[in-house]
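Below is one structure, written out as structure tokens, with a few remarks after it.
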Amino acid sequence: MRPILELSSQGIHTESYIRQSDDEMVDFICDNADVVAKVTLAPEQNNPEHVKKLAEAGIVVSIGHTNATYQEAREGFANGITFATHLFNAMTPMTGREPGVVGAIYDTPEVYAGIIADGFHVDYANIRIAQRVKGEKLVLVTDATAPAGAEMTEFNFVGKTVYVKDGKCVGADGTLGAQL
């Protein structure tokens, strides 16, 4: 299954594997809701009806790898998105004139947010602020990859070489991808 993300916010994901949702894919995921627990998507790149259908099938729909505006994120929440993948990473930030996805997450009390609490992906001050805003709706997560704990200097991630540098996993262009 290819990710359904925004290309400009793809992070370490391989561009050729990213696509928009379509009816056939959503039907397949919903038909397999007994084994699919969660889907991360960019709401601005996906049909709102697909978001609704996934949520109605009992799948946790999460916003992530997105360039959505505040309004697009809020519409996604209204359509059934209940979680945010990797708060602050690969999503539009909060600014004075555009609250972005981060602002929409903060402004929607019922939405849970996962945050990579390693100090590389998100500064510890932002983790503390997120905890004050989201409280028990903040979920501390790791971004560990399959070779976590191994003595490796590089590995393959879906056809892309990822390098291990200073405890971080980065692509050839330096894009932060994961942790060990």
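Heads up: take any position in the sequence shown, counting from 1, add 2, and you land on this note's numbering. In this text, a Cβ means the ideal position worked out from N, Cα and C, and glycines have one as well. These numbers were taken from a predicted model, which means no experiment stands behind them.
CA-to-CA distance, residue j to residue i, given in whole angstroms
i	j	result
Ala152	Val143	20 Å
Thr163	Thr177	12 Å
Ala86	Cys32	20 Å
Asp175	Met154	19 Å
Pro101	Ile107	9 Å
Leu140	Gly116	6 Å
Residue i classed as buried or exposed, judged by whether at least 16 other C-beta atoms fall within 10 angstroms
i	result
Val160	exposed
Tyr126	exposed
Gly78	buried
Val166	buried
Coil, strand or helix - residue i by DSSP
i	result
Ile65	strand
Glu156	strand
Gly102	helix
Ala57	helix
Val164	strand
Val37	coil
Ala75	helix
Is the region 29-42 in contact with the region 70-83, if contact means three or more CB pairs nearer than 8 Å?
The way I'd put it, the region 29-42 doesn't touch the region 70-83; fewer than three beta-carbon pairs between them come closer than 8 Å.
Whole alpha helix (DSSP H) runs in the region 81-135 with 4 or more residues, listed along the chain?
If we require 4 residues or more, the alpha helix (DSSP H) runs fully inside the region 81-135 come out as 102-108.
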